[in-house]
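Residue numbers (my numbering): 233 to 750.
A virtual CB, placed ideally from N, CA and C, is assigned to each residue, including glycine.
Working notes, structure below.
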Amino acid sequence: VYTPTKGRIPKPETAEYPIISAAICDNSGKCKVLLLKRGDGEELRALREIEKEGVEVGVFGDERSLVVALYREIARYPVIITFNGDNFDLPYLYTRSRKLGLQKEEIPIMIRETHATFKHALHIDLYRFFKNKAIQNYAFEGKYKEHTLDAVAQALLGKGKLANEEGVGSMSIDELARYNLRDAQLTIELTTYSKELLWKLITLLMRISKLGLEDVTRTQVSTWIKNLFYWEHRSKGYLIPSETDLSIKKSRKATEATIKGKKYAGAIVIDPPQGVFFDVVVADYASLYPSIIKRWNLSYETVDPPEDMCSKLEPIADESGNEIHQVCMDRVGITSVMIGLLRDFRVKIYKRKAKDKSVPEELRNWYDVVQRAMKVYINASYGVFGHEKFPLYALPVAESVTAIGRMIITRSLKKAEELGLMVLYGDTDSLFIWSPDQGKLDNLRSWIHDNFGLELEVDKRYRFVAFSLKKNYLGVLQDGSVDIKGLVGKKKHVPEFVKEAFAEAVGRLGSIETPQDI
Numbered sequence: 233v234y235t236p237t238k239g240r241i242p243k244p245e246t247a248e249y250p251i252i253s254a255a256i257c258d259n260s261g262k263c264k265v266l267l268l269k270r271g272d273g274e275e276l277r278a279l280r281e282i283e284k285e286g287v288e289v290g291v292f293g294d295e296r297s298l299v300v301a302l303y304r305e306i307a308r309y310p311v312i313i314t315f316n317g318d319n320f321d322l323p324y325l326y327t328r329s330r331k332l333g334l335q336k337e338e339i340p341i342m343i344r345e346t347h348a349t350f351k352h353a354l355h356i357d358l359y360r361f362f363k364n365k366a367i368q369n370y371a372f373e374g375k376y377k378e379h380t381l382d383a384v385a386q387a388l389l390g391k392g393k394l395a396n397e398e399g400v401g402s403m404s405i406d407e408l409a410r411y412n413l414r415d416a417q418l419t420i421e422l423t424t425y426s427k428e429l430l431w432k433l434i435t436l437l438m439r440i441s442k443l444g445l446e447d448v449t450r451t452q453v454s455t456w457i458k459n460l461f462y463w464e465h466r467s468k469g470y471l472i473p474s475e476t477d478l479s480i481k482k483s484r485k486a487t488e489a490t491i492k493g494k495k496y497a498g499a500i501v502i503d504p505p506q507g508v509f510f511d512v513v514v515a516d517y518a519s520l521y522p523s524i525i526k527r528w529n530l531s532y533e534t535v536d537p538p539e540d541m542c543s544k545l546e547p548i549a550d551e552s553g554n555e556i557h558q559v560c561m562d563r564v565g566i567t568s569v570m571i572g573l574l575r576d577f578r579v580k581i582y583k584r585k586a587k588d589k590s591v592p593e594e595l596r597n598w599y600d601v602v603q604r605a606m607k608v609y610i611n612a613s614y615g616v617f618g619h620e621k622f623p624l625y626a627l628p629v630a631e632s633v634t635a636i637g638r639m640i641i642t643r644s645l646k647k648a649e650e651l652g653l654m655v656l657y658g659d660t661d662s663l664f665i666w667s668p669d670q671g672k673l674d675n676l677r678s679w680i681h682d683n684f685g686l687e688l689e690v691d692k693r694y695r696f697v698a699f700s701l702k703k704n705y706l707g708v709l710q711d712g713s714v715d716i717k718g719l720v721g722k723k724k725h726v727p728e729f730v731k732e733a734f735a736e737a738v739g740r741l742g743s744i745e746t747p748q749d750i
């Protein structure tokens, strides 16, 4: 869209500026750029270089013809992918088309209350999908920090948008074509890279959540979990409880939050000693919270059941030994079954297969997609029960999960100390152990399995870790790669010169082999 002022984003609801370029790329590798004619013949001849690269170029004398040609082109596709199409591209196209005299029947776009789509095709807005915190943190493990096309593409594809110093309105026609083309190429490549990992991930999320393509790519993980639970209730002929009934019967809390805005006490975070420590092993409880839900039979209908409705009650105690809730063991809870099943399939099958070097790489990649999709669900499963807007809101369930987690960590720390292991730091579901004796570490793992039915896995081994504060550390792995958690130099609001200095310091730290090198 032409804009007279650099940095000014036109408003889709008024669409006052002309559409001067549109680019389309599909998963077969075919690309096409449609341009509004401007400049002299010399500028137009520059487009031939783009055509030599296998890109089809169309130049139009008026804007209406360009838009009609675009609609004719996209009519060939059953699925259309955009980046921020819901908020900008499609609403702008629709409004501009009406201004150009096109009738509603001639416009393939439909503007809904929550999104935009097409009459003939499904529409995926990758911006909304990548903005989903569960996708960002669990499926892609925080690889991208911002949700722009440039940031996501740089993180996942290793390349980003073309530079736009002067603004779209000041570009020559061939520069505009290349700039627009790159955006389309990046958008489609995000769905095709790594053996179509993203497509496989979306397909699995659809299957697990029982949601359609347009819904699963736009809604939060709480909606996916709700839909899965509702589907399970209906398939078994269970009555879905009303939110009012649950809020009355399942709203009692027994702990106070230490973080402002939270309703109940969360995880334990151990204060680390400041300094640099060599040979640090990070041991993780495999899927801690989902494992707790399964092992302790936690579900909205089993925690704090009505009086005289359960013959076998067991206490739920926190890290201090205080009984905060009770759980019924007469029958298996629906949450325990569903989350436990997903957890077991992920930890015992797909995660192991994804790391098995004897499995062909392509099949390993597929297993990795499956375990990532399951990770999205199970890691969000406990928190939704403590969120008031979740239809099956049951605060005692969420509170019980974190209380049991704190109890496990506290008792594990005590056992580690008895065994002579030095735990430097712990955060939610992991322990940082300083230069552990392998036999003692194996004893700790066996004790945790025997007492809690949980698996403590060695996740990584750092050459050294530099601790600052809680949730602030830098660790250098054996291969010299660096893990950074929470440090200021990594955050997006930090000035570029600070980021550069931080990156230089990190680069130097990666070369350190011994304490003397520091």
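Alpha helix (DSSP H) segment containing serine 632, residue limits | 627–651
Express the C-alpha separation of glutamate 736 and valine 299 in angstroms, rounding to a whole number.
-> 48 Å
Looking at the structure shown, is glycine 615 part of a helix, part of a strand, or coil, going by DSSP?
-> helix
In terms of residue numbering, what span does the alpha helix (DSSP H) encompassing glutamate 421 cover?
-> 405–441
From the DSSP output, in three-state form, read off aspartate 511 for me.
-> strand
From Gln386, Leu388 and Tyr411, pick the residue whose C-alpha is nearest to that of asparagine 396; which is it?
-> Tyr411
Do glycine 658 and isoleucine 525 come within 8 Å of each other at the CB atom, strictly closer than that value?
-> no
Which one of Arg638, Tyr609 and Ile636 has the shortest CA to CA distance from asparagine 364?
-> Tyr609
From glycine 707 to serine 713, what distance separates their C-alpha atoms?
-> 8 Å
If we count Cβ pairs, one from each stretch, closer than 8 Å, do we get three or more for the region 503–513 versus the region 450–469?
-> no
Along the chain, where does the beta strand (DSSP E) that runs through tyrosine 359 open and close?
-> Unbroken run through tyrosine 359 is the alpha helix (DSSP H), 358–363; no beta strand (DSSP E).
In terms of residue numbering, what span does the beta strand (DSSP E) encompassing tryptophan 666 cover?
-> 662–666
Given that a residue counts as buried once 16 or more other Cβ atoms are within 10 Å of its Cβ, and exposed if not, what is asparagine 683?
-> exposed
Can you tell me the Cβ-Cβ gap for aspartate 600 and alanine 586, rounded? I've got them flagged as a contact below 8 Å.
-> 4 Å
Is glycine 572 helix, strand or coil by DSSP?
-> helix
Can you name the start and end residues of the beta strand (DSSP E) that lysine 264 belongs to?
-> 263–268
So what does valine 384 bridge to, in DSSP terms?
-> None; valine 384 has no bridge partner.
Of all the options Asp406, Arg296, Met561 and Ala648, which has the alpha carbon lying nearest to the alpha carbon of tyrosine 532?
-> Met561
Could you have a look at isoleucine 525 and say whether DSSP puts it in helix, strand or coil?
-> helix
Go ahead and label lysine 583 buried or exposed: buried means 16 or more other beta carbons lie within 10 angstroms of its beta carbon, across all protein chains shown.
-> buried
From the DSSP output, read off the bridge partner residues of tyrosine 517.
-> Leu688
Under the three-state DSSP convention, the category arginine 280 falls into | helix
Measure the alpha-carbon distance for methionine 438 versus leucine 627 and round it to whole angstroms.
-> 27 Å
Continuous alpha helix (DSSP H) stretch holding leucine 471: start and end = Leucine 471 -> no alpha helix (DSSP H), and no H or E assigned at all.
When the distance is taken between beta carbons, is threonine 534 closer than 8 Å to valine 559?
-> yes
Alanine 255 bridges to which residues according to DSSP?
-> Val265
Presumed contact (8 Å Cβ cut-off) between leucine 676 and leucine 653, rounded CB distance | 6 Å
Could you check what DSSP says for valine 602 in three-state terms: helix, strand or coil?
-> helix
Coarse secondary structure for alanine 247, derived from DSSP in three states = coil
Assumed close pair glutamate 496, threonine 634 - CB separation to whole angstroms, cut-off 8 Å | Reading off the sequence shown, one finds tyrosine at residue 496, where the question assumed glutamate. About 7 Å; that satisfies the 8 Å criterion.
Contact between the region 339–354 and the region 389–408: three or more CB pairs below 8 Å?
-> no
Along the chain, which unbroken stretches of the beta strand (DSSP E) at least 3 residues long are found entirely within the region 283–336?
-> 288–292 and 311–314
Which of helix, strand or coil DSSP assigns to alanine 395 = coil
Spatial neighbours of alanine 383 in its chain, beta-carbon cut-off 8 Å, leaving aside the 5 residues before and after | Tyr376, Lys377 and Gly392
Phenylalanine 372 by DSSP, collapsed to three states: which one?
-> coil
Taking Cβ to Cβ, would you say glutamate 689 is nearer than 8 Å to aspartate 550?
-> no
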